[in-house]
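In the numbering used here, the protein residues as written are 24 to 303. By construction, the Cβ of each residue, glycine as well, lies at the ideal position given by its N, Cα and C atoms.
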């Protein structure tokens, strides 16, 4: 067992090795498994493509799964300091070009979800389907102030490791190995790259928010019922705006549902991947 579609908390720590990456000419690190329709996976701020292991191992039995390290994360080259969400969306378009991929299924988690939403807004003709896991949408004033304050603090205080872990995991979820991995990934982040990505994440919740009514493809919005920042209400609102939107909420889980509820997440992703395509 290598942290496939089973709960990561059950896997021995010695088996949680990292994937060996390939690299594009532009400096994006990625892992590729399986064959069939392409499924691109983009992780969140401070994480790396290895966070998708349960999905890579399960979904590659039916799809060509390509998980990427976001710029400045894992082994990918960073974007210039101060880059904003549209720059990350342009990076994704460049990655698709580098890989010579015309149309793909695209799933993103957290910051990756914002990038996926930007892709749906700016190059929908390249997407078969889009999925946002634990995505944010038009934060309220209190949430906006809190995330912007966290973004500003990085320059002077560095990367906060325990704060995200306390927000992302519930005390009764189990998954101690998932928590340990999350701490490890955050600890290994480059501060400048983290600061750039977090600022783009903090400021990007409204960048493409108006585009969902024009999204032509099947769109899944999935989150944990207890996620305090990527709320069920946000997922349901986005799904109601998208012509082919579908909201799914996993009870008793928070932000890292792909690690803490992998079997349910994989089931819902397969349900989404089996939806009929719609014309752009």
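Exercise for the section: Consult DSSP for residue 118 and reduce its assignment to one of helix, strand or coil. Expected result: Judged by DSSP in its simplified three-state form, residue 118 adopts helix.
Exercise for the section: Give a yes or no on contact between the segment 270–278 and the segment 234–250, applying the rule of three or more CB pairs nearer than 8 angstroms. Expected result: The count of Cβ pairs closer than 8 angstroms, one atom from the segment 270–278 and one from the segment 234–250, reaches three, so the stretches are in contact.
Problem - Same chain, Cβ closer than 8 angstroms to residue 192, five either side skipped, listed in chain order - result: Answer for residue 192: 198, 201, 202, 205, 277, 278, 279 and 283, listed in chain order.
Problem - Integer Cβ distance of residue 101 from residue 94, believed to fall under 8 angstroms - result: With a Cβ gap of about 5 angstroms, residue 101 and residue 94 count as contacting.
Practice task
Determine the direct distance from the alpha carbon of residue 115 to that of residue 147, and round the result to whole angstroms.
Solution key: The C-alpha of residue 115 is placed about 13 angstroms away from the C-alpha of residue 147.
Exercise for the section: Decide if residue 96 is buried, meaning its Cβ has at least 16 other Cβ atoms within 10 Å, or exposed. Expected result: Its Cβ being crowded by 16 or more others within 10 Å, residue 96 is buried.
Problem - Length of the line joining the Cα atoms of residue 41 and residue 53 - result: When rounded, the distance between both Cα atoms is 12 angstroms.
Practice task
Would you mind stating whether residue 152 and residue 296 have Cβ atoms separated by less than 8 angstroms?
Solution key: Going by C-beta atoms, residue 152 is nearer than 8 angstroms to residue 296.
Exercise for the section: Enumerate in chain order the residues of its own chain whose CB-to-CB distance from residue 261 is below 6 angstroms, with the five nearest sequence positions on each side excluded. Expected result: When the five nearest sequence neighbours on each side are left out, the beta carbons in the same chain lying within less than 6 angstroms of the beta carbon of residue 261 are those of 160, 235 and 244, in order along the chain.
Handout entry: Neighbourhood of residue 216 by C-beta distance below 6 angstroms, restricted to the same chain and skipping five residues each side
Key = Close CB contacts of residue 216 within its chain, under the 6 angstroms cut and outside five residues either way in sequence, are with 95 and 101 (chain order).
Exercise for the section: Check the C-beta distance from residue 144 over to residue 150 and give it rounded, since I have them as a contact under 8 angstroms. Expected result: Not confirmed; about 10 angstroms, so no contact.
Problem - Reference residue 156; option with closest CA among 250, 225, 61 and 240 - result: Cα-wise, what sits closest to residue 156 is 250.
Exercise for the section: In angstroms with no decimal places, state the Cα-to-Cα distance between residue 211 and residue 218. Expected result: Between residue 211 and residue 218, the alpha-carbon positions lie close to 13 angstroms from each other.
Exercise for the section: Please confirm whether residue 174 and residue 225 have their CB atoms less than 8 angstroms apart. Expected result: In terms of Cβ geometry, residue 174 and residue 225 form a close pair [threshold 8 angstroms].
Handout entry: For residue 254, the first and last residue of its enclosing beta strand (DSSP E)
Key = Per DSSP, residue 254 belongs to no beta strand (DSSP E) and is neither H nor E.
Practice task
Would you tell me roughly how many angstroms separate the C-alpha atoms of residue 285 and residue 65, rounded to the nearest one?
Solution key: Roughly 16 angstroms separates the two Cα atoms.
Problem - Start-end ranges of the beta strand (DSSP E) lying completely within the segment 62–100, minimum 3 residues - result: Runs of the beta strand (DSSP E) inside the segment 62–100: 87–91.
Practice task
Note down, one range per segment and in chain order, each alpha helix (DSSP H) of at least 4 residues found wholly within the segment 144–211.
Solution key: For the segment 144–211, the continuous alpha helix (DSSP H) assignments of 4+ residues that do not extend past its boundaries occur at 164–180, 185–191 and 199–210, in sequence order.
Problem - For residue 302, three-class secondary structure by DSSP - result: For residue 302, the secondary structure class from DSSP, reduced to helix, strand or coil, is coil.
Exercise for the section: State the CB to CB distance for the pair residue 136 and residue 117, rounded to an integer number of angstroms; the pair is presumed to be in contact (CB under 8 angstroms). Expected result: About 19 angstroms; that fails the 8 angstroms criterion.
Problem - Nearest candidate by alpha-carbon position, reference residue 59, set 252, 230, 80 and 87 - result: Of 252, 230, 80 and 87, the residue nearest in Cα terms is 87.
Handout entry: Cα-Cα separation between residue 26 and residue 264, rounded to whole angstroms
Key = For residue 26, the pLDDT reaches just 38, beneath the cut-off of 50, and the residue's location in the model is therefore unreliable, leaving the point undetermined.
Exercise for the section: Report the option in 167, 221 and 51 whose CA atom is closest to the CA atom of residue 181. Expected result: Nearest in C-alpha terms to residue 181, of all of 167, 221 and 51, is 221.
Practice task
Using a threshold of 8 angstroms, state whether the C-beta atoms of residue 138 and residue 112 are closer than that.
Solution key: Taking the C-beta atoms as reference points, residue 112 is found nearer than 8 angstroms to residue 138.
Handout entry: residue 244 - partner residues in DSSP beta bridges
Key = In the DSSP output, where bridge partners are listed per residue, residue 244 has 155 and 270.
Problem - Contact check, residue 18 vs residue 61, beta carbons under 8 angstroms - result: Since the displayed the chain opens at 24 and closes at 303, residue 18 lies outside it and no answer follows.
Practice task
Return the chain-ordered list of same chain residues with a C-beta closer than 8 angstroms to the C-beta of residue 31, the five sequence neighbours on each side being excluded.
Solution key: With a pLDDT of only 45 at residue 31, under 50, the local geometry of the prediction cannot be trusted, and the value read off the model is given with reservation. Hits under 8 angstroms: 39, 76, 77, 198, 200, 201, 204, 282, 283 and 285.
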